[in-house]
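A.B. asks: Chains as they are written, first to last, in the working numbering: chain A, 6 to 308; chain B, 14 to 340; chain C, 18 to 352. Don't be surprised by glycine CBs; every beta carbon is placed ideally from N, CA and C.
Written as C-alpha cells, this is what we have:
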C-alpha cells in the first residue's frame, strides 16, 4: 500500500499540497505583517491563559470568594497589591484575573447559542427562499429593530436580575445577526455554478448544504464569532454595571465597576483596572477578528 | 512625420506576494500625429497595462517601472507631475474603456458627468477663454450630438442605468473627445457590446478619427475590430511587441509565427479553410517567463537560440518590424 | 417614488406590530410569574392575586394580547408601580433629554467619522490611516460606562473644566419649553448663559455615546471609499482629467455614502440602547436612566415603554434612511 501511494504521487506530500501550503503561508504572512492583528492575537491568548489558569495565577485566591480584610481597605496600588484593594480589603488584581474566566465563558455561551440558533435558520432561509425565507427574515428584522442592549434589558427585567438570566437575555438578542449573515451568504452561494451543477447531477439537499454551502460559510462565521465574543463580553459587563447581571461579591468586571462607581473619584483604581480588563479583552477579540477578516474575507471589510 | 508618442525600452514589473511579475519587457513603439495604431494580443499580454501607463493610471505599488521612457509631445509621461497630468488628461490624451456599464458613475446624471469633464478643462485655460456654466452645458450637448446620440439635451438629465450599453459607450466617447485631445486611447471599446452595436460604435470611432484627425491607439484581442479602424497593427505577446506592420501587410503577409497563429485562428467566412487552427499551449506565467524568446515554448520553429537569446524587434522594411530569429 | 415611499410605510407598520408582539411575548411567556415579581419578595399570596387581577394577568394570553395592543394603540402603556404615574407621561417627560443627547452624539459621529474615514482611505497606509484604524477598533471596544467614569475623573474632577453630571446646574432653571431640547430652547429664548451651561453639560456624555458610533462610521466610510476609489468610473474620471479633490468629494463620496448611511441608521439604534449606560453614569435625566431605575425595582411597564419607544425611534430612523437611500441612489428612485 505504502509503495503504491508513493508511486502515485512521487513528489511527496509537500508537492501534492503545494496549493494549500501556499495559501496558509500567505495567510500567515498577511497576519504577521499587520501589527494590529498580532496585538489582537496576543491579547486573546493572554486572556485565554488567564481564564484557563485563573485561580492558580491570582496572588490572593481567597480574595475572590468574599474574604474580608477590613484593615486593608481601599489601599492604592502597591507592590503587594499592584491594582490596589477594594472596600472589603480584597486584592483587585486577583479579582480581575479570576473574573476573566467568567467573562470569557459568558462570551462563549452567548456567541455559541446565538450561532446555534442563527446558522441553521439562516441556511434554511437562504436555501429554501420564497415564503419560508420571507417569514424567517421578517422575524429576524423585527428582533434587529430593537437595539440589543435595550431588548436584553427588557428581557432581564422580566426574568429577574442575575448572571444566568443575563446570559439568556443576551443570547436571545444575539442570534438575528447570524441569520442575516448566513442567509445572504447562502443566497449568493446558491447562484454559484458549482452548486447548480451539483443540483443538476442530482445531489440531495442535505449533501449540498453540508458539503457545499456550510464549508463556504465558515470563514465569515469565524470572523463574526470572534468579533461577537468581544461584544458579548462587553454587553454582559454592561448589564453587570447597571446592576442586572452578576451580583457582587462575585468577581465579575462589570459588577466590580458598578460598586467601584460609588468610590470614585478618590479611590479611582478600583474602577480603573476592571474596566481596563474589559477594554483589552474586547479590543483583543475585535482586532483578532478584524485581522482574520482581512485575510479570509477581504471583500467584506468594514461591514 | 514627427512622432506624437514615442515609447522606448519600457519595462514594468508588478510586485506581489509571490514575487515580481515581469509584465512588460522592453516595449518600443511610436506613433505619428494622426496615425491609427491597433495593439492586439491575448488576454494578459500586457496591452491594457501599456494603455494605462500612457494615461498614468497604474497604481504604484504594485506597478514598478524598471526602465524606459514614454515621450508624448515634449513630456516624459513617466516623470509627469500632478499638474502636468491635469493639462494632459482629457485635453491632450483621452481614453475610452471596455465596459461602458461600469465606467460611468451610477449616482450622477450624464449631464453632470459630461459637464464636469468640460469644466475640469477650463482650469488650464487663460481666464478670458473659460466657458461659463451655460456654455459648458451647450458644449456638452454638442458633444453628445457629435457622437450621434438623439435628444442630446434631454439625455443630459438621465442617469447611466437608463441608457443602453451602446449609448453609454457613445457618452464615454463624447466625454473623451470634449477636450479635443490629439491622441485617443481605446481600451477594448467594443468587447462588452452586442455584435450589431459593436459595428456601429466602430464605424462611429472610424468616422470621428477621420473627421477630427485624431491619433488613435486601439487595444483589442479582436483583430477584426482593430483592422476596421487602424492603419497599423502591433502584435503583443507576453509583455513584448513581436510584430508591427501596416494592417494590410500584416494580414496578407504575417512574418512572426505568433501572428501567423493568430491569423490562422480567425474564422474565415469566405475562404476554403474549414478547420480553425488554434495556437498550442497557453500564455506563460510572467512570474518566471521563459528564457530567450518568450514565445518559444509554443513556437513550432523554436531552436536552441530561441531558448537562450531574446530576439530584438528588427526592421524588415520602413514600416514592418518583427522580433524573431527565424525571419 | 410614491410606490417606493408607500412600500416603506407598509413595512414600517409591519415592523411596529412585530415589535409589539415580541415585547408582549417576552413579558408574558417568560418563565416566572410576573405578578409575583411585581409584588416583590415579601408579598403575601393575597397581594399577588390582587396584582394579578388588577393588571389583567388572570386572563388568557390572546385576551391579554388584544388588551395590550388596544392599549398601545390608544396611547396607554400602563402605569409605573413606583411612581404610579402613567408610563406615557413619564416617557414624554424624559424623552427630550435623551433625544438631545443622541442628536448631539450622532452629529459628532458623522462630522468626525465621515471626513476622517475619507482621509484615511485617500492616504491609505499613511500615519493618519494607522491612527484612525487603531482609533476605530478601540472605539468599539471601549466600555461606555467605564470610559464615562474616566472622562469624569479627568475633565470634571481633576481639571474641573466640565461639570460631572446632569443637564444643568441644580440652581439653574431650564429655559421655557418650546422643543424641550435645552440647547435649542435656550438659544430661541436668548438665554446664552443657559446655553453655555447646557453645552458644557452635554459634551462629556455626548462624546462617550458617540464614540462607538464614530468608530464604525469611520471604519465603514474608509472601507467603502477604498473600494469605490478602485472602481472603473473613478479610473474613467481620472482619465478624463477631473481634479482629484472633486473625484474624492463628489464622485467617490456620493457612492461611498450609501453603505455609510446604512451604518448610521444601525448605530443610531445602538446609541439609543447605550443611553441606558451613559445616562446612568452621567445622571442624565432621560429614558435610559428611567429604564434602568425601573428595572432595578422590577417595575417593568416603564422598561417595556422605553424599549418600545426606542424600537419605534429606531424603525422610524431606518425608514428615513431608506428614503434618503432613494434620494442618493437614482437606480432605486427611477425603477
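Quick one: list the residues of chain A neighbouring residue 40 of chain C, beta-carbon separation under 9 Å, in chain order.
C.D. replies: The residue you call residue 40 of chain C lines up with position 23 of the third chain. 151, 156, 159, listed in chain order.
A.B. asks: Using beta-carbon positions only, say whether residue 199 of chain B and residue 109 of chain B come within less than 8 Å of one another.
C.D. replies: The count along the second chain starts at 1 and reaches residue 199 of chain B at position 186. The count along the second chain starts at 1 and reaches residue 109 of chain B at position 96. Yes; because the gap between Cβ atoms is below 8 Å, this pair is in contact.
A.B. asks: What residues from the region 305 to 319 of chain C come within 8 Å of chain A, judged by C-beta to C-beta, listed N to C?
C.D. replies: Going along the region 305 to 319 of chain C in chain order, one finds 308, 309, 311, 312, 313, 315, 317 with a Cβ nearer than 8 Å to chain A.
A.B. asks: Check residue 85 of chain B in the structure and name its three-state DSSP category.
C.D. replies: Translated into the one-based positions of the second chain, residue 85 of chain B becomes position 72. The answer is strand: DSSP assigns residue 85 of chain B an E or B state.
A.B. asks: Under 9 Å Cβ-Cβ, which residues of chain C neighbour residue 284 of chain A?
C.D. replies: Here residue 284 of chain A refers to the residue found at position 279 of the first chain. Going along chain C in sequence order, the residues near residue 284 of chain A (Cβ under 9 Å) are 155, 158, 159, 160, 163, 164.
A.B. asks: Find the residues of chain A that neighbour residue 327 of chain C, judging by a C-beta separation of less than 8 Å, and give them in chain order.
C.D. replies: Indexing the third chain from 1 puts residue 327 of chain C at position 310. What residue 327 of chain C touches in chain A: 151, 152, 155.
A.B. asks: Return the Cβ separation of residue 262 of chain A and residue 248 of chain A in integer angstroms, given the expectation that the two are a contact with Cβ distance under 8 Å.
C.D. replies: Counted from its first residue, the first chain places residue 262 of chain A at position 257. Counted from its first residue, the first chain places residue 248 of chain A at position 243. Not really, about 11 Å apart at Cβ, beyond 8 Å.
A.B. asks: In this structure, does DSSP put residue 256 of chain B in helix, strand or coil?
C.D. replies: Within the second chain, the letter at position 243 stands for residue 256 of chain B. Of the three classes helix, strand and coil, the one that applies to residue 256 of chain B here is strand, per DSSP.
A.B. asks: Answer with yes or no whether the minimum CB distance from residue 294 of chain C to chain A is below 8 Å.
C.D. replies: One-based indexing of the third chain puts residue 294 of chain C at position 277. Yes - at least one Cβ of chain A is within 8 Å of the one on residue 294 of chain C.
A.B. asks: Hey, quick one: how far does the beta strand (DSSP E) through residue 265 of chain C stretch, first residue to last?
C.D. replies: One-based indexing of the third chain puts residue 265 of chain C at position 248. From DSSP, residue 265 of chain C is part of no beta strand (DSSP E); its letter is neither H nor E.
A.B. asks: Could you work out which residues of chain A lie near residue 321 of chain C, taking near to mean beta carbons separated by less than 9 Å?
C.D. replies: Taking the first residue of the third chain as position 1, residue 321 of chain C is located at position 304. Residues of chain A passing the Cβ test: 159, 162, 163.
A.B. asks: Under 8 Å between beta-carbons, which chain B residues line up against residue 249 of chain C? List them in chain order, please.
C.D. replies: For the purposes of this step, residue 249 of chain C is taken as residue 232 along the third chain, with counting starting at 1. Those are 110, 112, 115, 116, listed as they occur along chain B.
A.B. asks: Does residue 290 of chain C have its Cβ less than 8 Å from a Cβ in chain A?
C.D. replies: Looking up residue 290 of chain C in the third chain gives position 273. So yes, residue 290 of chain C belongs to the interface.
A.B. asks: For the region 42 to 124 of chain B, which segments carrying the alpha helix (DSSP H) assignment without a break, of at least 4 residues, lie completely within its bounds, in sequence order?
C.D. replies: As far as the region 42 to 124 of chain B is concerned, its whole alpha helix (DSSP H) runs of at least 4 residues are 60 to 68, 95 to 101, 113 to 116.
A.B. asks: So with CB distances below 7 Å, who are the chain C contacts of residue 103 of chain B?
C.D. replies: Locating residue 103 of chain B in the second chain gives position 90, where the first residue counts as 1. Here the neighbours are 257, 258.
A.B. asks: Where does residue 201 of chain A land, buried or exposed, given buried means 16+ other C-beta within 10 angstroms?
C.D. replies: To locate residue 201 of chain A, count along the first chain from 1; it is residue 196. By the 10 Å Cβ count, residue 201 of chain A comes out exposed.
A.B. asks: At a Cβ cut of 9 Å, what residues of the region 256 to 270 of chain A count as close to chain C, listed as they run along the chain?
C.D. replies: Against chain C - using a Cβ distance shorter than 9 Å - the residues of the region 256 to 270 of chain A are 258, 259, 262, 263, 265, 266, 269, 270.
A.B. asks: Report yes if the C-beta distance between residue 144 of chain B and residue 157 of chain B is below 8 Å; otherwise report no.
C.D. replies: Counting from 1 along the second chain, the entry for residue 144 of chain B is found at position 131. Counting from 1 along the second chain, the entry for residue 157 of chain B is found at position 144. It is not a contact, given that the beta carbons lie outside the stated cut-off.
A.B. asks: Relative to the C-alpha of residue 141 of chain A, which residue among A:156, A:123, A:158, A:152 is closest?
C.D. replies: Working through the first chain from its first residue, we reach residue 141 of chain A at position 136. That would be A:123, whose Cα lies nearest to the Cα of residue 141 of chain A.
A.B. asks: Please confirm whether residue 342 of chain C has its beta-carbon closer than 8 Å to some beta-carbon of chain B.
C.D. replies: Taking the third chain and counting its residues from 1, one reaches residue 342 of chain C at position 325. No, residue 342 of chain C lies away from the interface with chain B (no Cβ there is under 8 Å from its Cβ).
A.B. asks: Just to confirm before moving on: does the CB-CB distance between residue 239 of chain C and residue 155 of chain C stay below 8 Å?
C.D. replies: Here residue 239 of chain C is taken as the residue at index 222 of the third chain, counted from 1. Here residue 155 of chain C is taken as the residue at index 138 of the third chain, counted from 1. Result no, Cβ atoms of residue 239 of chain C and residue 155 of chain C do not sit closer than 8 Å.
A.B. asks: State yes or no: is the C-beta of residue 247 of chain B within less than 8 Å of the C-beta of residue 235 of chain B?
C.D. replies: Position 234 of the second chain, counting from 1, holds the residue named residue 247 of chain B. Position 222 of the second chain, counting from 1, holds the residue named residue 235 of chain B. Their beta carbons are not under 8 Å apart, which means residue 247 of chain B does not touch residue 235 of chain B by this criterion.
A.B. asks: Considering Cα atoms alone, identify which of B:120, B:267, B:195 is closest to residue 171 of chain B.
C.D. replies: In the second chain, counting from the first residue as 1, residue 171 of chain B sits at position 158. Answer by Cα proximity: B:120.
A.B. asks: Check for me: the beta strand (DSSP E) holding residue 27 of chain B runs from which residue to which?
C.D. replies: Taking the first residue of the second chain as 1, we reach residue 27 of chain B at position 14. Counting along the chain, the beta strand (DSSP E) containing residue 27 of chain B begins and ends at 16 to 29.
A.B. asks: Check the Cβ-Cβ distances between residue 151 of chain C and every residue of chain A, and say whether any is below 8 Å.
C.D. replies: The residue labelled residue 151 of chain C in the question sits at position 134 within the third chain. Yes, contact with chain A.
A.B. asks: Classify residue 7 of chain A: buried if its beta carbon has 16 or more other beta carbons within 10 angstroms, exposed otherwise.
C.D. replies: Translated into the one-based positions of the first chain, residue 7 of chain A becomes position 2. With a pLDDT of only 42 at residue 7 of chain A, under the threshold of 50, the placement of this residue in the model should not be trusted; the figure read from the coordinates follows. Per the 10 Å Cβ criterion, exposed.
A.B. asks: Count the other CB atoms within 10 Å of the CB of residue 332 of chain B; is the residue buried (16 or more) or exposed (fewer)?
C.D. replies: Counting from 1 along the second chain, the entry for residue 332 of chain B is found at position 319. Answer is exposed; the Cβ neighbour count stays below 16.
A.B. asks: Does the beta carbon of residue 172 of chain A sit closer than 8 Å to a beta carbon anywhere in chain D?
C.D. replies: This model lacks chain D altogether, as its protein chains are A, B and C.
A.B. asks: At which residue ranges does the region 64 to 101 of chain C contain complete alpha helix (DSSP H) runs of 4 or more residues, listed in the order of the chain?
C.D. replies: The qualifying runs are 78 to 90.
A.B. asks: For the candidate residues A:31, A:135, A:233, A:178, whose alpha-carbon lies nearest to that of residue 116 of chain A?
C.D. replies: As a first step, residue 116 of chain A must be located in the first chain, where it is residue number 111. For residue 116 of chain A, the nearest C-alpha among the options comes from A:233.
A.B. asks: Considering just the uninterrupted stretch of the alpha helix (DSSP H) at residue 157 of chain C, what are its terminal residues?
C.D. replies: Position 140 of the third chain, counted from the start, is the residue given in the question as residue 157 of chain C. First-last of the alpha helix (DSSP H) with residue 157 of chain C: 144 to 158.
A.B. asks: Please list, in chain order, all residues of the same chain as residue 169 of chain C whose beta carbon is under 6 Å from its beta carbon, the five residues on each side excluded.
C.D. replies: Within the third chain, numbered from 1, the residue matching residue 169 of chain C stands at position 152. For residue 169 of chain C, where only same-chain residues beyond five positions count, the Cβ hits under 6 Å are 181.
A.B. asks: Once the 5 residues before and after residue 254 of chain C are set aside, which same chain residues still bring their CB inside 6 Å of it?
C.D. replies: Looking up residue 254 of chain C in the third chain gives position 237. Excluding residues within five positions, the ones whose Cβ falls inside 6 Å are 264, 268.
A.B. asks: Does residue 228 of chain C come within less than 8 Å of chain A when only Cβ atoms are used?
C.D. replies: In the third chain, counting from the first residue as 1, residue 228 of chain C sits at position 211. Residue 228 of chain C does not count as touching chain A.
A.B. asks: Compute the Euclidean distance between the alpha carbons of residue 327 of chain C and residue 38 of chain C, then round it to the nearest angstrom.
C.D. replies: In the third chain, the residue the question calls residue 327 of chain C occupies position 310. In the third chain, the residue the question calls residue 38 of chain C occupies position 21. If you take the alpha carbons of residue 327 of chain C and residue 38 of chain C, they lie about 15 Å apart.
A.B. asks: Comparing C-alpha positions only, which one of B:203, B:222, B:196 sits nearest to residue 214 of chain B?
C.D. replies: By one-based count along the second chain, residue 214 of chain B stands at place 201. Selected option, being the one with the closest Cα: B:203.
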